Amino acid sequence: MALRLFKILIALTAIIFLSSCNQQSNPSSDIPPNEVVPTPSQVTYQQMELIGFIHFTINTFTDKEWGYGDESPQLFNPTQLNVEQWVTTAKAAGMKQLILTAKHHDGFCLWPSQYTEHSVKNSPYKNGEGDVVREFVDACRKHGLKVGLYLSPWDRNHPDYGRPAYITYYRNQLEEILTQYGEINEVWFDGAQGGDGYYGGANEVRTIDRKTYYDWPTTIQLVKNWQPDIKIFSDAGPDVHWIGNESGFAGETFWSTIQGDSLVIGASDQQYLNTGDPKGGDWIVGQCDVSIRPGWFYHESQDSLVKSPQELMDIYYKSVGRNAMLLLNLPPDQRGLIHEKDVESLLAFKQMLDETFDENLLTGASCSADPTSSNSVFSAEKAIDKDLQTYWAAKDSSLPVSLTIDLGEEKTFDRLLLQEPIRLGQRVSQFKVWVEQGGSWKVLTEGTTIGYKRVLRPQAVTASKIKVEINAANNRPALSNIAMFKASEKEKKQTNVRTR
Ligand code: FUL
């Protein structure tokens, strides 16, 4: 009898112990989220990190950046167009999505729109039977990339631009590209709107009221009806917003929260877009768009100005490494191919990225929460377990709070990666990283926001213990990942590819 009671007692203790362990790793027992959090679809979107832009249209053949709108469709004549080459190049570089300029400001359509004659259907390409948008979406899907489409709101060809009739035309075109080509992951609304143009032969300047002309709320609703899971990009979101410059960098402090109703497409405060807003009531992912060349479209004169792999790395640190997306433009040339120089630089960049981030030097390390400042509810080890779903969280919001990582042996590193479990909101606004050297702790580097991903580039240091200290946060702090790397030697090599 006593033995049976003893066995029951053991079993009960085991059940209580196991269920308490389970509570710590089960996301269903998450810490309470912030008021403003991303949608699950925005989280998945940001996890793509690196995506690509394809600027290709009549401008490629006229050597212009902005076509006036009077170009003959006959000029669009790529001799070796190979959309698979675009997609396989992007994929080899680690891009997870490509966005194509289905229509740029000149109004020329890469698909045979039924609403205009200004399209591929009147070009020599495939004797007017071609549809570049179709080829593009098919190739992206074949190689597992998500699809995005750019449809310029400004149209320098259309006779009705600036009048109400154009809005119907624009929505008709959106309906074509968003209902006839399967699932589209992102639609890109550019901020350049109004000015001089051909406008059906009027050859004049047409200005619009950026706040009212497009009636964006109605268009956004239509887009979401056609493609419920689509991410809409613009200066004002609602899902993804422009970072405020075309050089590819987010602010060192960058919040994914922002006040959406203060933003106007084509007329937003660029500095505000560059930092986000800790008090913002909307979660809008920041996106850094930049071209691998000075121009967005291909120009032979820029063949010597392709950004070097080192420059691309620097852009990566200032975009993905600052909690934003990187949208890198690869403009095909008149053949319809991404130029060899661009491919070379892009793939060398990817190699550098892999060399730097392949070996996490925290493998095998142990992690503990500072006993004087926290007894962590979600265990400290979760911050280095390489599982982004799990996380360490402090027991409450008292600060500072720190995590100490014991590497077990001395290691040399110069890259640090931190991540917050953003599905619960963005919290940290000040942190420090310490290293123990010769028995005393020294501050190695410090920063403000973390968000989805923050990568820091301190001077190389050799240490066997590091400490991540959170000094300010808008809620109880949590970290889903801490990792440490040694940069590829190639990152530091001087480049003679481009000087600017
Ligand atoms: C800008 C446009 O005017 C450029 O031509 C390019 O498309 C870039 C991505 O957005 O606002």
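Numbers 1 to 500, taken from this note's numbering, label the letters of the sequence shown in order.
Glycine included, C-beta positions come from ideal geometry on N, C-alpha and C.
Remember, it's a predicted structure, so these values are computed and weren't measured experimentally.
- If you check the CB distance, residue 433 and residue 463 do not come in under 8 Å.
- Residue 203 counts as exposed, since fewer than 16 other beta carbons sit within 10 angstroms of its beta carbon.
- If you draw a straight line from the Cα of residue 355 to the Cα of residue 303, it is about 27 Å long.
- For the ligand FUL, a non-hydrogen atom lies closer than 7 Å to the CB of residue 65.
- The three-state reading of DSSP puts residue 279 in coil, since its state is none of H, G, I, E or B.
- In terms of side-chain proximity, the C-beta atom of residue 191 is found nearer than 7 Å to a non-hydrogen atom of the ligand FUL.
- The way I'd put it, the stretch 296-313 doesn't touch the stretch 76-87; fewer than three beta-carbon pairs between them come closer than 8 Å.
- Exclusion of the five residues before and after residue 195 leaves 205 as the residues of its chain whose Cβ lies within less than 7 Å of its Cβ.
- For residue 363, the secondary structure class from DSSP, reduced to helix, strand or coil, is coil.
- Scanning the stretch 21-81 from its first residue to its last, the whole alpha helix (DSSP H) runs of 4-plus residues come out as 40-47, 59-62.
- Around the Cβ of residue 250, a 10 Å sphere holds 16 or more other Cβ atoms; the residue is buried.
- Remark: C-beta atoms of residue 460 and residue 404 do not approach each other more closely than 8 Å.
- For the 8 Å CB-CB criterion, residue 427 and residue 477 form a contact.
- The nearest non-hydrogen atom of the ligand FUL is less than 7 Å from the C-beta of residue 289.
- Within the DSSP secondary-structure output, residue 313 pairs in no beta bridge.
- Placement of the Cβ of residue 104 at a distance of less than 7 Å from at least one heavy atom of the ligand FUL is found.
- Per DSSP, reduced to three states, the secondary structure at residue 145 is coil, with no helix or strand assignment.
- In the DSSP assignment, residue 206 falls within the beta strand (DSSP E) that extends over 204-206.
- Secondary structure at residue 349: helix, using DSSP grouped into helix, strand and coil.
- Taking each of 87, 381, 171, 361 in turn and checking the Cα distance to residue 392, the smallest one comes out for 381.
- Residue 296 has its CB nearer than 7 Å to a heavy atom of the ligand FUL.
- Residue range 216-226 is occupied by the alpha helix (DSSP H) that includes residue 226.
- Remark: the shortest separation between the CB of residue 55 and any heavy atom of the ligand FUL falls under 7 Å.
- The C-beta separation of residue 187 from residue 148 comes to about 7 Å, placing the pair in contact by the 8 Å criterion.
- In the three-state DSSP reduction, residue 397 falls in the coil class, being neither helix nor strand.
- Taking the C-beta atoms as reference points, residue 107 is found nearer than 8 Å to residue 157.
- Annotated as proximal: residue 256 and residue 38, with beta-carbon spacing under 8 Å.
- For residue 172, the enclosing alpha helix (DSSP H) starts and ends at 164-179.
- Of the candidates 345, 198, 270, the residue whose Cα lies closest to the Cα of residue 329 is 345.
- The Cβ-Cβ distance between residue 457 and residue 415 falls below 8 Å.
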